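Below is one structure; the comments refer to it alone.
In the numbering used here, the protein residues as written are 64 to 353.
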């Protein structure tokens with residue numbers, strides 16, 4: 064069954080494209096190298112959300128083209144969610160409507176993520192560079208849509224999208240994780256953010272960081288079964304920086320304006336305006352070769 068969007072989201076998106084201002088791309092004449100994807104959803108999402116960066120300039124002035132792209136994305140979502148449901152696909156179009164109607168707001172949130180990446184990376188040269196090439200941005204783009212689906216109860220399809228993003232970027236964000244505005248993962252490889260984690264605004268995370276569980280509860284009366292659905296991951300405040308290789312584990316509270324140094328192991332609450340770092344480093348010895 065193909066999806067047919069009946070709302071005004073396509074017009075809202077076209078209006079949003081026209082309202083873009085520098086430093087977001089505003090030149091409609093550029094054509095960038097083509098990229099192919101193993102799934103259709105990333106292509107449709109990237110074209111719909113940032114058409115100037117993904118050779119989707121036909122969407123900029125033509126609501127009919129935007130509606131067609133929305134319908135193609137909607138068909139993917141309809142088929143993906145229906146596969147995990149006992150309901151008929153025709154009964155699930157309302158869910159798809161709700162997801163697509165969130166895209167203009169998701170786009171605005173993603174623009175703030177781009178801003179955070181540009182401000183947080185001395186090597187960043189342009190917003191379009193971030194949108195096209197930063198793995199952290201590709202991961203959060205997919206996550207914001209997957210999280211919307213997760214909130215609507217489409218847990219398994221949302222997980223599919225999240226796992227595809229992980230295979231593409233090396234960044235593992237569970238779709239249940241709640242992530243605030245101006246989020247930036249720099250480098251990204253090996254980052255893990257668990258299902259019940261929450262992350263505030265203006266948080267910057269570096270490679271190989273885990274926001275994970277410290278212990279697992281077992282399901283009572285069932286051998287080898289771990290309990291599900293309980294809080295087991297950290298809550299990260301606003302304006303937090305977590306250095307490379309750090310592990311923040313368990314349902315701990317990390318306050319606002321906290322800096323966690325590289326390779327730290329945090330299993331307790333950290334109050335606001337605190338720096339955490341390893342005080343005793345191993346001694347280093349050097350000797351000549353030969």
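Glycine residues also receive a C-beta, built at the ideal position from the N, C-alpha and C atoms.
Note that the coordinates shown come from a computational prediction; the quantities given were computed from them, not determined experimentally.
Query, Result
"Outcome for residue 104 when other beta-carbon atoms lying within 10 angstroms are tallied against a minimum of 16", "buried"
"Which listed residue (227, 293 and 145) has its alpha carbon closest to that of residue 216", "145"
"Backbone CA spacing between residue 277 and residue 327 [nearest angstrom]", "14 Å"
"Distance between beta carbons of residue 314 and residue 291, contact taken as under 8 Å", "That belief does not hold up - the Cβ atoms of residue 291 and residue 314 are roughly 15 Å apart, past 8 Å."
"Own chain partners of residue 93 with C-beta closer than 8 Å, once the 5 adjacent residues on each side are dropped", "115"
"Start and end residues, beta strand (DSSP E) containing residue 183", "Where residue 183 is concerned, there is no enclosing beta strand (DSSP E), although the alpha helix (DSSP H) it sits in stretches over 166-183."
"Beta carbon of residue 225 nearer than 7 Å to that of residue 212", "no"
"Residue 386, DSSP secondary structure in three states", "A query on residue 386 cannot be resolved here, the shown segment of the chain reaching from 64 to 353 and no further."
"Cβ contact (3+ pairs, closer than 8 Å) linking the region 129-146 and the region 173-188", "no"
"For residue 322, the nearest candidate out of 185, 332, 337 and 147 (CA to CA)", "337"
"C-alpha gap between residue 261 and residue 298, whole angstroms", "5 Å"
"CB contact flag (residue 275, residue 300, <7 Å)", "no"
"Contact check, residue 237 vs residue 214, beta carbons under 7 Å", "no"
"Residues bridged to residue 310 [DSSP beta-bridge criterion]", "273 and 328"
"Inter-stretch contact at 8 Å, needing at least 3 Cβ pairs: the region 110-124 / the region 77-88", "yes"
"Own chain partners of residue 113 with C-beta closer than 6 Å, once the 5 adjacent residues on each side are dropped", "194"
"The region 230-246 in contact with the region 203-210 per 3-pair CB rule at 8 Å", "yes"
"Rounded C-alpha distance that separates residue 69 from residue 170", "20 Å"
"Alpha helix (DSSP H) runs contained entirely in the region 111-152, provided each spans 4 or more residues", "126-145"
"Coarse secondary structure for residue 247, derived from DSSP in three states", "strand"
"C-alpha distance - residue 272 paired with residue 254, whole-angstrom precision", "5 Å"
"Within the region 182-237, ranges of the alpha helix (DSSP H) (whole runs, at least 4 residues)", "190-196, 198-214 and 218-232"
"Separation of residue 128 from residue 73, as counted between CA atoms", "9 Å"
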